[in-house]
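Peer 1:
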Amino acid sequence: MAATRAGPRAREIFTSLEYGPVPESHACALAWLDTQDRCLGHYVNGKWLKPEHRNSVPCQDPITGENLASCLQAQAEDVAAAVEAARMAFKGWSAHPGVVRAQHLTRLAEVIQKHQRLLWTLESLVTGRAVREVRDGDVQLAQQLLHYHAIQASTQEEALAGWEPMGVIGLILPPTFSFLEMMWRICPALAVGCTVVALVPPASPAPLLLAQLAGELGPFPGILNVLSGPASLVPILASQPGIRKEGRALRRSLAGECAELGLALGTESLLLLTDTADVDSAVEGVVDAAWSDRGPGGLRLLIQESVWDEAMRRLQERMGRLRSGRGLDGAVDMGARGAAACDLVQRFVREAQSQGAQVFQAGDVPSERPFYPPTLVSNLPPASPCAQVEVPWPVVVASPFRTAKEALLVANGTPRGGSASVWSERLGQALELGYGLQVGTVWINAHGLRDPSVPTGGCKESGCSWHGGPDGLYEYLRPSGTPARLSCLSKNLNYDTFGLAVPSTLPAGPEIGPSPAPPYGLFVGGRFQAPGARSSRPIRDSSGNLHGYVAEGGAKDIRGAVEAAHQAFPGWAGQSPGARAALLWALAAALERRKSTLASRLERQGAELKAAEAEVELSARRLRAWGARVQAQGHTLQVAGLRGPVLRLREPLGVLAVVCPDEWPLLAFVSLLAPALAYGNTVVMVPSAACPLLALEVCQDMATVFPAGLANVVTGDRDHLTRCLALHQDVQAMWYFGSAQGSQFVEWASAGNLKPVWASRGCPRAWDQEAEGAGPELGLRVARTKALWLPMGD
Amino acid sequence: MSAHNRGTELDLSWISKIQVNHPAVLRRAEQIQARRTVKKEWQAAWLLKAVTFIDLTTLSGDDTSSNIQRLCYKAKYPIREDLLKALNMHDKGITTAAVCVYPARVCDAVKALKAAGCNIPVASVAAGFPAGQTHLKTRLEEIRLAVEDGATEIDVVINRSLVLTGQWEALYDEIRQFRKACGEAHLKTILATGELGTLTNVYKASMIAMMAGSDFIKTSTGKETVNATFPVAIVMLRAIRDFFWKTGNKEELGDEWLKPELFRIGASTLLSDIERQIYHHVTGRYAAYHDLPMS
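Below, the structure is given as structure tokens:
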């Protein structure tokens, strides 16, 4: 028999049956850091960039505090160098056919596969997350993302005809996001032909390693550039022609800049546990969501009152069996996230306790910092400040609900709208809740599943950008031929006074012109109402004669219009697409009956009779076209590894505010109204300032055809109404077609509730052209996507 | 041996509302296998522990007294003595939990174990094993005869048709009668989970079997097309935990459940795999086929 090498402890373990350490060797991660002499720079244009005279930040093991390496902090000139490299690379990368990009992405996936051990040990070492989750989850998903987007790239020419890549993408990753979050965004960007400059928080080497792996692949070194640097660089990166990601402050500081902005914020998730659920499995869902190092944040847990006791008992019992420890240990559920995360959760729990909440903690957790035990907070008074803020990792805040209706009210009553799961064995109830939740992703009887082909995003203040699936691709595309966006930043625009006061208008003489007289009033709640200000503004025709008076709307009228739109919204959104189409078609028929009046009004604005008639006809066609198009919405996705479908739903945004352009007073108005209504939104519209009379004519028909409140039209001073709408917290999205200054204001003001904004920045659109007046871009912007996961099996 | 489970009155409200979500349990099963692992001494100790849970089993048509004898000897000495010595475990009295045979072989097993000088219990399958499709009268008689022959544990199979048609009262009554026929012997109820259709049925059958007084519930006979799987084990363990919560017992399915009186693994080839692993742990080499004694 061979020599014995058994340890002494087996005897004790036989009795105690305890778990032992299962350390994952991180020697290769350290060896990689050694190749950089323990000093990490930036990876730009296929080379390491280590400029001199830069501050450096230590990269530490979050658990031991041991210094692993020092990371150089980028400065403005490094950002400029990276953007320049990406811009140069963009020319070649985007010019190649999709198949070439597909091959390159596939090769990158293969490289990651070959060096995955290095990637997962490095990530787990510096973030403290459980290595199992990084190894079995993130790294595998990163490869799937590359493969999925390689396929998308290879079919780009046919599938995405009419779209072109945006250019250089600036990607800003907040510290709580892992390298996987970067992959979710760079994969679609690279696939469609964009190049990327990613600004990662200090001391996060995994993205740098990825950039190195990509850069060493050869022919396209500059497509992925990674800089590590402080948040103060964000505006500098953003001021380069680029895009993307961070928070409210960024939304404000970027207003009026040339950049398109996509936001993805928020980490909290939600779990609804009903009384028909498999409670034990739902408890596992809670573990998946909050205590398994999968999601970055905490969890809000809503439990139906009738199963509250049972669910809490099972939850607490399960918590006792959770293990926490060093992330590189293969048998722990949770690692640690460093001192900052630990401080955050300590503060939250202390505050919750002081506000009267009960706190339960359990699990096999090392007692020293920065470990923090799984925490269950209950009995938190709904009005307490803690109940409003985002729940931090690793906390679960549980609260009861009585009925499904109440559950929806409570769940939708937060400004966040990321993801949620519904646990119910009753199909009808589960679907009711799944459709009713205002979030980006809903899992039925599961939590935290992800797949490259399923769009993931959020709504409300969780941001409005998407990654994954077809929706993720459009984030990095623009309709072909869109003029390059120039910066329209006006430094001296005063946000406090823009549109604050309405210049007073005086009577300009009696109305003359064709009878019948144009309708007077604001069209709110289905009828014409006198404006709150009780004053009017004159509208002149193309030869400068008085055409008529329209009501002078103000803040109160906007408030009333938004209220009316909100009241009409649930009924309208609940209609089938067919029913909505029928009403749009009815409006189209009414427009055609009113053709001569409309045409003569257009004539007075200086249009040729022929052209005026054509505009009316085209408007009617637009209404019909959108009615037909909306019927083919949403589809089913099939996902690897999941039995059952994922539904990709297109849901209305809510109350949409539209400020119409001055030109094309009828066609632009109808072209914007039609898709908005077709997809189930209700609207508050500010018609063409030059000639609002045409919109008011249409309102006469809407009054008879539509339910009250569906479309509300407020005339008046354009800037003032824009201000009121943009600052309104309960307007879910805003489209602005007008001046550059107005656009800048709208973008700035929208940071209040982070409503998605589409602003023209002073660029005119060809509303009579199919692409710009009724193109797929409108269809994308007019609704939001929701992914509904329906695992099956019995 | 621990005391018997006395069972409870039939209370259908314990099973009426239960729902088991199949895909969710499948995901949980995958996770368990990925999230907990033991290495080195821990692995060795856990493996030895597993040995003490094994019902070392032979259920073949060609069983004779000679291979029963060999099996019994292996049950007494499951791991090579020198390996146990190396682990300092030779004085722990490590044997398998029981020896499990067909009723006709119970006498052979009892004799062989007596000759080996140990008191490992003999378990006998009974009650129309493996299909349970015989008359209740013969099934009960089979149990009585096995007990007479000296079996101290009886592995009965349930009547699957009662589960599939939802006749829970009838199932309860049958197992109650098995319980009575066993007398002092332990009643181990095999649910044959591969033939119950759904995990919800697995949970309900587990609960009924425990209410009727089963001392153990087992997954499967080894003769169905689908036998012991991780998901059904999860559901059964949850049912056991719920049963103990409901009957006022404060125990949870934690470490305190890991003793041979409460936890068993029915297996015939598992033991040699374990011995192989222990060999590797002790020596650092992989064992040749002939290095380990056969059972």
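Protein sequences appear in the order of chains L and R.
Final position of the first sequence in the numbering used here is 794; the numbers increase by one with none missing.
Final position of the second sequence in the numbering used here is 1295; the numbers increase by one with none missing.
C-beta atoms are modelled at their ideal positions from N, C-alpha and C, and glycine is treated no differently.
Tell me whether R:Val1110 sits in a helix, a strand or coil according to DSSP, three-state version.
Peer 2: helix
Peer 1: Skipping 5 residues on each side, what residues in its chain have a beta carbon closer than 7 Å to that of R:His1090?
Peer 2: Excluding its 5 nearest sequence neighbours in each direction, R:His1090 has C-beta neighbours in its own chain below 7 Å: Glu1081 and Leu1084, listed in chain order.
Peer 1: Check distances from the C-beta atoms of the region 150-165 of chain L to those of chain R and list, in chain order, the residues that come in under 9 Å.
Peer 2: Listed by position along the chain: nothing, the set is empty.
Peer 1: Return the residue from the list L:Arg527, L:Ala530, L:Val550 and L:Trp767 that minimises the CA-CA distance to L:Ala537.
Peer 2: Sequence inspection shows Arg at residue 537 of chain L; the Ala mentioned does not correspond to that position. Closest option to L:Arg537, Cα to Cα, is L:Val550.
Peer 1: Can a CB atom of chain L be found closer than 8 Å to the CB of R:Ile1195?
Peer 2: According to the sequence shown, residue 1195 of chain R is Glu rather than Ile. No, because no Cβ of chain L sits closer than 8 Å to the Cβ of R:Glu1195.
Peer 1: I'd like to confirm the pairing. Which residues does DSSP put opposite L:Pro400 in its beta bridges?
Peer 2: L:Ile303
Peer 1: Buried or exposed: which applies to L:His720, given that a residue is buried once 16 or more other Cβ atoms fall within 10 Å of its Cβ?
Peer 2: By the Cβ-count criterion, L:His720 is buried, with 16 or more other Cβ atoms from all chains shown falling within 10 Å of its own Cβ.
Peer 1: So which residues on chain R does L:Ser281 lean against when the C-beta distance must stay under 8 Å?
Peer 2: Val1020, Asn1021, Ala1024, Val1025 and Arg1028
Peer 1: Can you tell me whether DSSP reads R:Tyr1102 as helix, strand or coil?
Peer 2: In the structure shown, R:Tyr1102 adopts coil according to DSSP, grouped into three states.
Peer 1: Taking the alpha carbon of L:Leu437 as the point to measure from, which residue in L:Leu637, L:Leu272 and L:Glu24 has its own alpha carbon closest?
Peer 2: L:Leu272
Peer 1: Could you spell out the range, first to last residue, of the alpha helix (DSSP H) harbouring L:Ala277?
Peer 2: That residue, L:Ala277, is in no alpha helix (DSSP H); it is neither H nor E in DSSP.
Peer 1: Does the beta carbon of R:Trp1014 sit closer than 8 Å to a beta carbon anywhere in chain L?
Peer 2: no
Peer 1: If we cut at 8 Å on Cβ distances, does L:Asn445 have a partner in chain R?
Peer 2: yes
Peer 1: My output table needs one value for L:Glu368: the three-state DSSP class, helix, strand or coil.
Peer 2: Taken through DSSP and simplified to helix, strand or coil, L:Glu368 comes out as coil.
Peer 1: Could you list which residues in chain R have their beta carbon closer than 9 Å to that of L:Ala277, in chain order?
Peer 2: Gln1019 and Asn1021
Peer 1: Exposed or buried, what is R:Lys1218 when buried is set at 16 or more other beta-carbons lying within 10 Å of its beta-carbon?
Peer 2: buried
Peer 1: Tell me, please, whether the CB atom of L:Gly215 is closer than 8 Å to any CB atom in chain R?
Peer 2: no
Peer 1: Taking 8 Å as the CB-CB cut-off, is R:Ala1044 touching chain L?
Peer 2: yes
Peer 1: If we count the other Cβ atoms within 10 Å of its Cβ and call it buried at 16 or more, is L:Pro382 buried or exposed?
Peer 2: exposed
Peer 1: Any Cβ of chain L within less than 8 Å of the Cβ of R:Glu1174?
Peer 2: no
Peer 1: Specify, as a first and last residue, the run of the beta strand (DSSP E) that L:Glu164 falls within.
Peer 2: Trp163 to Pro165
Peer 1: Around the Cβ of L:Pro665, are there at least 16 other Cβ atoms within 10 angstroms (buried) or fewer (exposed)?
Peer 2: When all chains shown are included, L:Pro665 counts as buried.
Peer 1: With burial defined as no fewer than 16 other Cβ atoms inside 10 Å of the residue's Cβ, what is the status of L:Glu552: buried or exposed?
Peer 2: The residue in question, L:Glu552, is buried, as its Cβ has 16 or more Cβ neighbours within 10 Å.
Peer 1: If I measure Cβ to Cβ from L:Phe371 and keep anything under 7 Å in the same chain, skipping five residues before and after, which residues do I get?
Peer 2: Ser324, Ala336 and Val365
Peer 1: By the criterion of Cβ-Cβ separation under 8 Å, what are the contact partners of L:Phe360 in chain R?
Peer 2: Result: empty, since nearest Cβ-Cβ is about 16 Å, beyond 8 Å.
Peer 1: Please list the partners that L:Asp309 has in chain R, where partner means a Cβ-to-Cβ separation under 8 Å.
Peer 2: Chain R residues near L:Asp309: none, gap ~12 Å exceeds 8 Å.
Peer 1: Who pairs with L:Ser378 in a beta bridge, going by DSSP?
Peer 2: L:Gln358 and L:Ala398
Peer 1: Check distances from the C-beta atoms of the region 1147-1162 of chain R to those of chain L and list, in chain order, the residues that come in under 9 Å.
Peer 2: none
Peer 1: With a threshold of 16 other CB atoms inside 10 Å of the CB of L:Pro764, please say whether the residue is buried or exposed.
Peer 2: Residue environment analysis places L:Pro764 among the exposed positions, since fewer than 16 neighbouring C-beta atoms fall within 10 angstroms of its C-beta.
Peer 1: Applying the criterion that 16 or more other CB atoms from any shown protein chain within 10 Å of the CB defines a buried residue, is L:Pro374 buried or exposed?
Peer 2: Answer is buried; the Cβ neighbour count reaches 16.
Peer 1: Three-state secondary structure (DSSP) at R:Asn1201?
Peer 2: helix
Peer 1: What number of angstroms, rounded off, separates the C-alpha of L:Leu506 from the C-alpha of L:Leu647?
Peer 2: 56 Å
Peer 1: Could you tell me the alpha carbon to alpha carbon distance between L:Ala711 and L:Thr456, rounded to whole angstroms?
Peer 2: 30 Å
Peer 1: Return the bridge partner residues of L:Arg785 from the DSSP annotation.
Peer 2: Reading the sequence as shown, one finds Thr at residue 785 of chain L and not Arg. In the DSSP output, where bridge partners are listed per residue, L:Thr785 has L:Arg650.
Peer 1: Residues in the region 8-28 of chain L with C-beta within 9 Å of chain R's C-beta atoms, listed in sequence order?
Peer 2: Pro8, Arg9, Ala10, Arg11, Glu12, Ile13, Phe14, Thr15, Ser16, Leu17, Glu18, Tyr19, Gly20, Pro21, Val22 and Pro23
Peer 1: Less than 8 Å between the CB atoms is what I'm expecting for L:Pro661 and L:Phe737, so what's the real figure, rounded?
Peer 2: 4 Å
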